[in-house]
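A short write-up of the structure that comes next.
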Amino acid sequence: MSKPSARLYDALDSALQDSTDEQRQAIQNDPGTSARVVGDRVTFEAAGITYLILERSWFGPDVEWDEFNEAHRTERGL
């Protein structure tokens, strides 16, 4: 199993940079990204704004979503 990679964080950062100024400000005011599996996709949301949607296959066959999710919560101190 691979650990969450820099590739994902690059995708998240790029999606934030592609957001409107208003969206970025809202996310800055209410930080904290939630990620969840919705069917074949993984959605990333902050401040009520979905700013990135990835196909689950984007993570590759060796990534276990539950372990990624746990790592994400740990990094956020949850």
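For reference, each letter of the sequence shown is one residue, going 62 to 139 in this note's numbering. Ideal placement from N, C-alpha and C gives every residue a C-beta, glycine not left out. Keep in mind it's a predicted model, so treat the numbers as computed, not measured.
Query: Assigned exposure category for ILE114 - 16 Cβ within 10 Å defines buried; Result: exposed
Query: Contact under 8 angstroms by Cβ, ALA108 with ALA76; Result: no
Query: Inter-residue Cα distance where the pair is PHE105 and ASP82; Result: 18 angstroms
Query: Coil, strand or helix - SER95 by DSSP; Result: strand
Query: Per-residue burial, VAL103 [other beta carbons within 10 Å of its own, 16 or more giving buried]; Result: buried
Query: Extent of the continuous beta strand (DSSP E) run through ALA107; Result: 102–107
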